[in-house]
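Okay, so here's the structure we're looking at.
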Amino acid sequence: MFDENEIVKRILKKDLRAFELLVKQYEKLVFFVIHRLVQDKQNKEDICQEVFIKIHHGLPSFRFQSKLSTWIARIAYLTAVNYVKNTKNRSPNEYPENIDNYHFTDENPEKELIKKNTSDYVNHLIEQMPHQYKTVLTLYHLNEFSLAEINEITGIPEGTVKSYLFRARKLLKEKIEKDLKQENTWKS
Amino acid sequence: MEELNDDKLQDLLSSGGNIAGDQNYSNKQVSDLLAYQDLFKALDTAPVQGLPFSFAANVRRKLQERLNRKSDFRFNILAVTIFTLSLILGYGLLQLISQATADLVLNLVIKFKWMLLCVICLFFCILIVEQRLVKREY
Numbered sequence: 001m002f003d004e005n006e007i008v009k010r011i012l013k014k015d016l017r018a019f020e021l022l023v024k025q026y027e028k029l030v031f032f033v034i035h036r037l038v039q040d041k042q043n044k045e046d047i048c049q050e051v052f053i054k055i056h057h058g059l060p061s062f063r064f065q066s067k068l069s070t071w072i073a074r075i076a077y078l079t080a081v082n083y084v085k086n087t088k089n090r091s092p093n094e095y096p097e098n099i100d101n102y103h104f105t106d107e108n109p110e111k112e113l114i115k116k117n118t119s120d121y122v123n124h125l126i127e128q129m130p131h132q133y134k135t136v137l138t139l140y141h142l143n144e145f146s147l148a149e150i151n152e153i154t155g156i157p158e159g160t161v162k163s164y165l166f167r168a169r170k171l172l173k174e175k176i177e178k179d180l181k182q183e184n185t186w187k188s
Numbered sequence: 001m002e003e004l005n006d007d008k009l010q011d012l013l014s015s016g017g018n019i020a021g022d023q024n025y026s027n028k029q030v031s032d033l034l035a036y037q038d039l040f041k042a043l044d045t046a047p048v049q050g051l052p053f054s055f056a057a058n059v060r061r062k063l064q065e066r067l068n069r070k071s072d073f074r075f076n077i078l079a080v081t082i083f084t085l086s087l088i089l090g091y092g093l094l095q096l097i098s099q100a101t102a103d104l105v106l107n108l109v110i111k112f113k114w115m116l117l118c119v120i121c122l123f124f125c126i127l128i129v130e131q132r133l134v135k136r137e138y
């Protein structure tokens, strides 16, 4: 059983084995956030390492006012957002200022991906979405945070989180339906 | 017939509800719900690729290296400070015991200043090289 309080106390006493346990416990949480927000495949592991080093430096100031997982997710989220901002000039993706106007482009759907695995295709579509949508989808579905916790992690108001989540899912559903319809038309 | 838009369908799925087989809903609504069900399943699926098995150990090693570098730096600063203070203190004591010997030592130090400086620099270089080259077992 993972006891947060005990582990944090041990880490503060400079026990690095306890820190390794904390990393093992939360590596998936951090990876999911970084994986979705950072496109650069090469640097994902390095960024995850950097997140955990930040967590180690920040632990003395953690006062258990929130859940440890929420605090860790916030550090991962902010690190990812900063990384994306710093590499923005090199990124080919341009999103509209108001993300409510965001729509998928009408490029040819990756037919092979749809046939092979819906999950892969959904991930492919999410990669193209603005980072606010990627964030709420990841935190809600993969990391299983509540809307209130997502608000705590990202600073986005709870109502907006909900609207991003609903809109992102609606866009994905419509895009998949459209692509499937198109594929069936080609077949017949 | 109850009207279910996308938001209501998503709410229904989030709360674990199901309308499949319910006669009160149209075929379109049921097919939308099934589409959302598939989407939710895909969204809940963790990515295949992940972090290496040794990730936690790698983070610990990296952190240990940073902490060591920090403590080595502190040690080196402390060593320089102690060395300088002991030289000043030694010279001060010598001044109190015998002024002539203190002047002699000072003249010697000034005469061989470059050699002494080289010896001191060599000592600290060896210290730094040793700190960097010696691989610690974690």
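If you're matching them up, the sequences are chains P and F in order.
Going letter by letter, the first sequence gives residues 1 to 188 in this note's numbering.
Going letter by letter, the second sequence gives residues 1 to 138 in this note's numbering.
By construction, the Cβ of each residue, glycine as well, lies at the ideal position given by its N, Cα and C atoms.
Nearest to residue i by CA position, among the options, is which residue?
i, options, result
"P/I11", "P/I126, P/V81, P/I53", "P/I53"
"F/F73", "F/L13, F/E130, F/S15, F/K8", "F/E130"
"P/Q132", "P/L171, P/S61, P/E149, P/L165", "P/L165"
"P/K13", "P/N86, P/P60, P/K162", "P/P60"
"P/F193", "P/V23, P/D3, P/D179", "This structure gives no information on residue 193 of chain P, because the portion of chain P shown stretches from 1 to 188."
"P/D242", "P/H56, P/V136, P/D100, P/T87", "Chain P is shown from 1 up to 188; residue 242 of chain P falls before or after that span and cannot be answered."
"P/H56", "P/Y26, P/D3, P/I150, P/L172", "P/Y26"
Given a threshold of 16 other Cβ atoms within 10 Å of its Cβ, counted over all protein chains shown, does residue i qualify as buried or as exposed?
i, result
"F/M1", "Confidence is the limiting factor: at F/M1 the pLDDT is only 49, short of 50, which leaves the residue's position unreliable and the question unanswerable from this model."
"F/Y138", "Bear in mind that a pLDDT of 48 at F/Y138, under 50, signals an unreliable position, so the model cannot answer this."
"F/Y203", "The structure shown does not extend to residue 203 of chain F, since chain F spans only 1 to 138, so no value can be given for it."
"P/K134", "buried"
"P/F145", "buried"
"F/V80", "exposed"
"P/D100", "exposed"
"F/S15", "exposed"
"F/V139", "Limits of chain F in this structure are 1 at one end and 138 at the other, which puts residue 139 of chain F out of reach."
Does residue i come out as helix, strand or coil in the three-state DSSP assignment?
i, result
"F/F124", "helix"
"P/R63", "coil"
"F/Q10", "helix"
"P/K41", "coil"
"P/I72", "helix"
"P/Q132", "helix"
"F/Y138", "Residue confidence is low: F/Y138 scores 48 on pLDDT, short of 50, so the model does not pin down where it sits. Its coordinate-derived value is still stated next. Three-state DSSP puts F/Y138 in coil, outside helix and strand."
"F/M1", "Reliability fails at F/M1, whose pLDDT of 49 lies under 50, so the model's placement of it is uncertain and no value is given."
List, in order along the chain, the chain F residues whose C-beta lies closer than 7 Å to that of residue i?
i, result
"P/N206", "What is shown of chain P runs 1 to 188, which leaves residue 206 of chain P out entirely."
"P/T118", "D38, A42"
"P/H35", "P47"
"P/E6", "Under the 7 Å cutoff, chain F gives no residues; its nearest Cβ is about 18 Å from P/E6."
Output, in chain order, the set of chain A residues within a Cβ distance shorter than 7 Å of residue i.
i, result
"P/F2", "You won't find chain A in this structure, because its protein chains are P and F."
Anything in chain F within Cβ reach of residue i, meaning under 8 Å, just list it in chain order.
i, result
"P/E177", "A35"
"P/V23", "F55, A56, V59, R60"
Given that residue i touches chain F, what residues does it touch there, using C-beta distances under 9 Å?
i, result
"P/F19", "A56, V59, R60, L63"
"P/I53", "V59, K62, L63, R66"
"P/E45", "L51, P52, F55, N58"
Since residue i meets chain P, which of its residues come closer than 7 Å, beta carbon to beta carbon?
i, result
"F/Q10", "F166, R169"
Contact between the region 17-36 of chain P and the region 45-56 of chain F: three or more CB pairs below 8 Å? Yes: the two stretches touch, three or more of their Cβ pairs being nearer than 8 Å.
So does the region 82-97 of chain F actually touch the region 69-81 of chain P, counting three or more Cβ pairs closer than 8 Å? No, they do not touch.
Just checking, does the region 22-38 of chain F make contact with the region 15-26 of chain P on the three C-beta pairs under 8 Å criterion? No, the region 22-38 of chain F is not in contact with the region 15-26 of chain P.
Examine the Cβ distances between the region 55-62 of chain F and the region 143-161 of chain P and report whether three or more of them are shorter than 8 Å. Output reads no: the region 143-161 of chain P does not touch the region 55-62 of chain F.
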